[in-house]
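Peer 1: Going letter by letter, the sequence shown gives residues 0 to 156 in numbering that gives the first Met the number 0.
Beta carbons are placed, not taken as given, at the ideal position from N, Cα and C, and that holds for glycine.
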Amino acid sequence: MQTFSCTVVTHAPGETAALAERLGAAAETGTVLCLVGDLGAGKTLFTQGFARGLGVTEEVTSPTFALMNQYCGRLPVTHFDLYRLEREEELDEIGFYEFAEPSGGVVLIEWADKFPDALPKPHIRLEIERGDTEDERRLMFFTTEEDSALWRALMEK
Ligand SMILES: Nc1ncnc2c1ncn2[C@@H]1O[C@H](COP(=O)(O)OP(=O)(O)OP(=O)(O)O)[C@@H](O)[C@H]1O
Ligand SMILES: [Mg+2]
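(1) Please tell me whether THR43 and SER61 are closer than 8 Å, where the distance is taken between their beta carbons.
(2) Measuring CB to CB, does GLU57 end up less than 8 Å from TYR70?
(3) Give me the Cα-Cα distance between SER147 and THR30, rounded to the nearest whole angstrom.
(4) For GLU109, collect the residues of the same chain with a Cβ closer than 6 Å to its Cβ; drop the 5 residues on either side in sequence, then sort them by chain order.
(5) Out of GLY104, ILE123, PHE114, point me to the one whose CA is closest to THR142's CA.
(6) State buried or exposed for THR132, treating a residue as buried only when at least 16 other CB atoms are found within 10 Å of its CB.
(7) Have a look at PHE49, ARG73, PRO119, ARG151 and flag the residue whose alpha-carbon is nearest the alpha-carbon of GLU97.
(8) Could you check if SER102 belongs to the surroundings of ligand 2, using beta carbon to heavy atom distance under 7 Å?
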C-alpha cells in the first residue's frame with residue numbers, strides 16, 4: 000500500500016500548537032492520529048493544539064496516569080497515552096479497543112509505537128523528532144489515505 004508523507008519543521012512550541020490547531024479545525028469523524036516521539040518531543044503539546052482546533056475548551060492534560068481522557072469539542076476527542084502500559088493484554092483491560100474505535104469522533108494516541116499491531120486502521124502517524132536547537136522539532140506525518148480533510152489541510156500549509 001502506498002504511503003504518503005509530509006514533513007514540517009517548527010522552531011517554537013507555539014508554531015507546533017498553531018499547526019495542530021489548524022489540523023484539528025479540519026479534522027473529521029474517524030480521524031486517528033498515532034503520535035510517536037521521545038519524552039518531551041511534543042506529543043501532548045500537539046494534542047492540546049489539535050483539541051483546541053476541534054473546539055475543546057477544557058484543559059487538555061497528559062493522560063500518563065489516567066491512560067485515557069475524553070473531551071467534548073465539535074467532535075468527541077479521545078486521548079490515550081500508552082507510555083505506562085507494559086503488556087498488550089492491558090489494552091483490553093483499559094478498554095482501548097472499544098474507545099480507540101473512531102466511529103463518533105477523533106482519537107489521538109501517544110506512545111503509539113509500543114503496540115503497533117493494536118492501532119486502529121487507517122490512521123495518520125505523526126513522528127516528532129528534536130532538531131538541532133532546543134526548540135526545533137521535525138514533525139513527520141504519514142498516511143495511506145491521502146483523501147482526508149486533515150491531510151488536505153496539511154498540504155495547504
Ligand atoms: N517546536 C516545538 N514544538 C513542540 N514542543 C516544543 C517545541 N520547542 C520546545 N518544545 C517544548 O517541548 C515540550 C514538549 O512536551 P510534551 O509534554 O508535549 O512532550 P511529549 O512528547 O508529550 O512527552 P511525553 O512522552 O513525556 O508525554 C514542551 O515543554 C514544549 O514547550
Ligand atoms: Mg505526552
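Peer 2: Quick look at the numbers:
(1) yes
(2) yes
(3) When rounded, the separation of the alpha-carbon atoms in SER147 and THR30 is 9 Å.
(4) Hits under 6 Å: LEU34, LYS42, ASP80.
(5) ILE123
(6) exposed
(7) PRO119
(8) No, ligand 2 has no heavy atom inside 7 Å of this Cβ.
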